[in-house]
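Residue numbers (the numbering used here): 1 to 213.
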């Protein structure tokens with residue numbers, strides 16, 4: 001008996017087995033004390049307001065009253081105005097706008113001031129297409145089979161030729177005094193300064209022509 005008592009004195013105490021009901025009570029108490037995580041909030045970004053650029057910066061040489069950003073839509077200054085507008089084309093500098101109309105004319109206006117600069121008259125029928133060579137010379141082709149080259153400053157016709165059908169499309173050669181014209185099923189190359197024209201039959205209607213370069 002004495003040996004058993006001495007043995008118990010030197011042995012470490014055995015941990016007591018926890019009561020299952022006590023464990024459940026502690027778990028419930030911990031759950032009530034632990035705050036639930038906040039719901040996921042999507043990350044939002046606030047777009048900075050874009051600064052509206054000063055329209056006068058588009059054309060530094062113009063005042064705000066002359067700037068295209070402040071101008072109304074281009075309106076015809078002719079009286080009475082033409083019945084219809086068929087084609088339009090900006091000059092290489094975008095300062096001039098050429099338009100063709102049902103009154104058989106081509107009108108050149110300023111894209112800055114919206115003022116009519118000149119009216120090009122002479123086509124027997126409505127000009128169907130218009131193209132610029134530079135800011136001083138343009139060409140028009142009409143339903144009356146004519147191609148005309150105009151000087152904008154004098155509003156005069158420099159050259160004219162008549163093809164075999166209505167002119168549907170025109171294109172200036174980028175470096176030579178040459179115009180390509182689509183008329184019916186023929187593609188015509190007209191050297192307007194030399195007065196020579198060469199036509200190629202395509203076998204079907206030619207709808208558009210354009211030099212690349």
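The C-beta atom is built at its ideal place from N, Cα and C for all residues, glycine as well.
Asked                                                                                                                : Found
Classification of residue 172 by the beta-carbon crowding that lies within 10 angstroms, buried from 16 upward       : buried
Residue nearest to residue 163 in terms of C-alpha spacing, selected from 114, 187, 86                               : 187
Three-pair Cβ contact test at 8 Å for the region 152–167 versus the region 118–133                                   : yes
Counted within 10 angstroms of its Cβ, other Cβ atoms place residue 175 as buried (16 or more) or exposed            : exposed
Beta bridge counterpart(s) of residue 162 as assigned by DSSP                                                        : 146
Own chain partners of residue 203 with C-beta closer than 7 Å, once the 5 adjacent residues on each side are dropped : 185
DSSP state of residue 191 mapped onto helix, strand, coil                                                            : strand
Candidates 128, 157, 145, 143: closest to residue 136 by CA position                                                 : 157
Residue burial classification, residue 93 (beta-carbon count within 10 angstroms, cutoff 16)                         : exposed
The beta strand (DSSP E) enclosing residue 200, as first and last residue numbers                                    : 196–201
CB contact check: residue 88 to chain B, cutoff 8 Å                                                                  : Within the model displayed, chain B is absent; a lone protein chain is all it includes.
Simplified DSSP assignment, three categories, for residue 93                                                         : coil
Of the listed residues 190, 83, 206, nearest to residue 100 (C-alpha basis)                                          : 83
Beta carbon of residue 104 nearer than 8 Å to that of residue 125                                                    : yes
Residue 34 - DSSP class collapsed to helix/strand/coil                                                               : With a pLDDT of 45 at residue 34, under the threshold of 50, the modelled position of that residue is not reliable, and the figure given next carries that caveat. Residue 34 falls in the coil class under three-state DSSP.
Residue of 167, 110, 122, 131 minimising C-alpha distance to residue 142                                             : 167
N- and C-terminal bounds of the beta strand (DSSP E) containing residue 105                                          : 105–110
Residues bridged to residue 186 [DSSP beta-bridge criterion]                                                         : 183, 201
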